[in-house]
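Here's the structure, in C-alpha cells; my notes come after.
Protein chains in written order, with our numbering: chain D, -3 to 434; chain G, 14 to 516.
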C-alpha cells in the first residue's frame, strides 16, 4: 500500500480528528461549519471563515519557506480568539480578549474566531486571503516542558529523544542543490536544532550591527586564518562555511543597506530590523530557500493581560515584523510561505496570577502570497470540559507535521518518498492539511 | 623580532617533537599537558605562568587545593576592589528598599517614578554585579569555585532582566550559589528555593493554595511554574519519573513559600523568604507515590529532601557534570559511577567531583583539548591568557551578548547549554576571531575605564609570551603558520586558532 492509499484508509482513524479524503491530494482536515459545535445555546455558531477565491499569483523564483518559532509557548487562545464561545470568557475572567466591538476587543474574523487586536498589522493579509491559521494544532506528545517540546517540534520526531538533526535540515537535503553557502539562513547567534544536521546552514546575527564590516572581512586576515583552519574537522568546515556565507551576505547587504542609508531612511526597530534584512536578502538572492528566526518572551505565567498588556505588547512588534518581512520580500512574497509555530499552547483557564500555565494545543499561522487564506483550518475540538485535553488544555486535532509535510510537498515540491525521511515516524500515518495553498 | 620569535618557537617545538614518535592518541598526557588540562577544565584557562606553576606543585596538589577553596586566600587587591562595589554588599532588603519600585502595594508611584527606579537599578546594580563576576572569573585563584558557581547558577538559572530579579541576581550568586558550589546538593537546592531571586523568577512567591484565606488579589491562586521546573530542571530531569499530577502536588506543597514585601520595605535582615500559612494548601497531597499530610513549611522541606535523594536526581546531576568536565557525549559508566557517589555521599558535590577528577575518562587523550568552549569560557580564557585586566565590564558583556551568552541573560530557566552542538557555528567562529584580534594591541576598551582614551604607552600583547602561556596547546604546524604571519596578526591568530577554541 503506498502512502496515499494508506492515508485514505488509516488516516481516517487518526486521533479523533475528522479527516476527509480529498482526491489525490491526500486528506484534508477540513473546516466544515456544518457539524455540530460543542457549544451551548448562547454560543455563536462555529465558523471557520471562507477562503478567498483567487488565482495562483506567480512569483519570480523558486519556492521558499520561513519558519518563525515563538519560543516559550504563546497563548494561541488569545491569538486566534474563540470569541463566540461563552466558556472562553468564563474561564478567563481577567485575561480574555473582549468580544469584537468592545474596547481592546478581538478583531472579528469568522463570526466565531477573532484576531488579537495587537495583530492588526496582519489584518490586510487576512482580508486579501493571504493569511490563515490552523487552530487546535501542535505536537501530539504530551510534554509540557518547553525545552523538550521545542526539541520535538524541531527534530520533527515527537516523543523520540535521540534524533540529532532537525527536520528543516533534512528537508534542505531534498531541495535542488545550488551549491550555495546560504541555501538555509538562520537569524541569531547559533544554529537552532531545527536546522542542525549535515546540510550547510548559514547564520547571521540579529540587530543593527550585524551587517557592519569586520576585520575578518579583510582578505589578508581571512587568508591567514584560512591556513589555521585548513583541517577537515568540524571547526575547519565551520570556518570555511562562515567565510563563504559572510562574503555572499555582506555583498548583498552592503548594497541594499547602503541604498537605504542614501535615502535617509533608518532601519526600523526591534524584530523588524531583522525581518527587513531577511526579506531583502531573500528577495535579492533566490538561492536562499529556507529561513528561520526565533522570537522569545511568550511564557506568560503572570499578568498576561487581555487585549492590552504584556502579551499584547509582544504580539504587536511580532505582527509588525511579519508584515515587514512580507513587504520586503516584494515579488518573492508570492514564492514564500511564512509559518509561525510555538512548542505548545497554554492552559484554557487563567491561573491565580492573571496568567496561564503550560498547555497543549495552539494555532499555527500561515502567511504567504499563495496561502489560501481568510480561513481557519483544522478541526475545532471545542472548549467544554470533556473536550479539553486532560481536562485543562485545548486539544490537538492537527499534528504540526501534517501542516509542515503539506507545505513541503505542495509548496516546496518535495517528493513523496523524501517526506518519510523528513518526518520519519510520521511517514506511515501522514495526513495532509488539504488545499492550504492557492 | 621575527627571527627571535622563530628561534624561540623552534625551541618550544623541539620539546614536543619526541611525542610524535609514538601513537599520539594512545599515549598518556605529559605532565605539561595535564597541567594545561586541569587549567582548562577546573579553571578558565591558564594565565601567564600558570602551566609552569601547576607543574611545579604537582597535579594532585592543585586538584586538592581547588577542591578546598577556603584554604586559598583571595588576593588583597581583588578583595579591595570587590569591597569597593557599593551595591554588591547590600542585603536583599536594602537592595529592594533602595532600588525597588517606589511603593508596593497598593501603589502611589507614577509610571515615571517606577521607570526611573528601574533605570537606576540597571545603571548601578547591574554593572557592579557583572564586574564582580568577571573579576572573580578572571582573577580568583579559587578557579574551581568560580567554575562551579557558573555551573550551578546556570543549573538554577534566573534571568536578570525579569523585573525584580535584577536587584537580587548578585546576592543570589554570592549567598545562595557560591558558598554551596562545592558543598552539599540539598543545601544548595534549599538555598535556591528560599532565595527571593528564584521565588520571584519562577513566580512561586505569587502562588497560593486554592481557596486559602490569603488567596486574593494578585496572590489569588496556584502557579505551577516553579514546581515543574524544580523537578524538570533542578532535580529529577525531564524523564525523571514524575507526572502532571506530581507537578500540581508539589505546587500545592510549596504554596505559601513567598517573599514578604512589607518586611523588605522595612529593611528586615531576614526578609529573603517567608512562609505564609494563610496561603498554604493544607490538604493531603500524593507526591511521587508518597502521602504528604499537612505540615506547613516542613512539607516543602520534606519534598526537597525527597527530590535531592532521588536516584533520578543523582543521575541527572552526574550527567551534567560529566558533560561539563569531560565530554559532550557522557560516558554512561562514568555517569553511573558519579551518580552512585552522589547517593552514597548524600549529595556531597566535592566527593562527586573528586571521583570525577580521579577517573580515567577525565585523563584520557581522547578527552584532552576536545571540548568546544562556550562563549563565556572563550572570552574569559582569552582575557586570562592575554592578561587583559577587566577595568570596564560593559564591553565584556557586550561581546558575550553578541556571542549569544550575556551574563545572567538567559531568559528561560533551563540555562545555557554547554556543548559544541549549541555553540559551534560559522558566524560564531568569525566573531570570536574578530574579538581575539581586538585584544592584541593592548588598547581594548575592556582594559580601560569607560569614556577614556587608550594610553599611548600601553604595551601590545607579546605573541611569544602568549604562546608560552598556552604551551603545549598549539601544534607545530600552527606554530609555523603563526610565526610566518604578519606580526600584528600573531596574537589574534593564537587566540583565534582552532586549538584555543577548545579546552
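Cβ coordinates follow ideal geometry from the N, Cα and C atoms, glycine included.
A direct Cα-to-Cα measurement between residue 264(G) and residue 233(G) gives close to 14 Å.
Given a length threshold of 4 residues, each whole run of the alpha helix (DSSP H) inside the stretch 74 to 159 of chain G is given here in chain order: 89 to 96, 105 to 112 and 124 to 152. Beta-bridge partners of residue 361(G) (DSSP): 197(G).
The C-beta separation of residue 185(D) from residue 441(G) comes to about 7 Å, placing the pair in contact by the 8 Å criterion. Chain D has a Cβ within less than 7 Å of the Cβ of residue 494(G). In chain order, 511 make up the part of chain G whose C-beta sits under 7 Å from the C-beta of residue 225(D). Cβ atoms of residue 223(G) and residue 215(G) stay farther apart than 8 Å, at about 19 Å.
Against chain D, the CB of residue 82(G) has no partner CB under 7 Å away; the residue lies outside that interface. Taken in chain order, the unbroken stretches of alpha helix (DSSP H) that lie wholly in the stretch 40 to 120 of chain D and span 4 residues or more are 82 to 87.
DSSP, read as helix, strand or coil, puts residue 280(D) in helix. Around the CB of residue 366(D), 16 or more other CB atoms lie within 10 Å, so the residue is classed as buried. Rounded to whole angstroms, residue 81(D) and residue 320(D) show a C-alpha spacing of 33 Å.
The beta carbon of residue 271(D) sits closer than 6 Å to those of 317, 320 and 321, all from its chain and outside the five residues before and after it, given in chain order. In terms of beta-carbon proximity, residue 173(G) stays away from the interface with chain D, with every pair separated by 7 Å or more. Residue range 439 to 451 is occupied by the alpha helix (DSSP H) that includes residue 448(G). Taking 3 residues as the shortest admissible run, the stretch 282 to 368 of chain D contains the following complete beta strand (DSSP E) segments, listed from N- to C-terminal end: 286 to 291, 332 to 338 and 358 to 364. Exposure of residue 229(G) is indicated by the presence of fewer than 16 other C-beta atoms within 10 angstroms of its C-beta. Nearest in C-alpha terms to residue 87(G), of all of 158(G), 40(G) and 129(G), is 158(G). Proximity of residue 233(G) to chain D, defined by a Cβ-Cβ separation below 7 Å, is satisfied.
Between the stretch 356 to 365 of chain D and the stretch 69 to 89 of chain D, the count of Cβ pairs shorter than 8 Å is three or higher; the stretches touch.
Within the same chain, and ignoring the five residues on either side of residue 377(G) in sequence, no residue has its Cβ closer than 7 Å to its Cβ. Sixteen is the threshold: since fewer than 16 other Cβ atoms of the shown chains lie within 10 Å of the Cβ of residue 501(G), the residue is exposed. Relative to the Cα of residue 244(D), the nearest Cα in the group 284(D), 275(D), 211(D) and 220(D) belongs to 284(D). Taking C-alpha positions only, residue 207(D) is separated from residue 277(D) by approximately 12 Å.
Under the three-state reduction of DSSP, residue 340(G) is assigned to coil, being neither helix nor strand. Under the 10 Å beta carbon count, residue 470(G) is surrounded by fewer than 16 other beta carbons and is classified as exposed.
Contacts between residue 212(D) and chain G, judged by CB atoms closer than 7 Å, involve 443, 446 and 447 in chain order. Residue 331(D) and residue 408(D) have their alpha carbons spaced roughly 9 Å apart.
By the Cβ criterion, the stretch 89 to 107 of chain G is in contact with the stretch 180 to 200 of chain G, since at least three pairs of Cβ atoms, one from each stretch, lie closer than 8 Å.
Sequence-distant partners of residue 159(D) (beyond 5 residues in either direction) whose C-beta falls short of 7 Å from its own C-beta, in its chain, are 151 and 153. Residue 299(G) is positioned such that its CB atom lies no closer than 7 Å to that of residue 325(G). Chain order gives the chain G residues near residue 200(D) as 440, where near means a beta carbon separation below 8 Å.
The C-beta of residue 339(D) comes no closer than 7 Å to any C-beta of chain G. For residue 243(G), the closest alpha carbon among the candidates 360(G), 424(G), 97(G) and 319(G) is that of 319(G). Counting only residues of its own chain and dropping the five nearest sequence neighbours on each side, residue 351(D) has a CB closer than 8 Å to the CB of 91, 296, 297, 298, 299 and 300. With contacts defined by Cβ atoms closer than 7 Å, residue 100(D) and residue 303(D) form a contacting pair.
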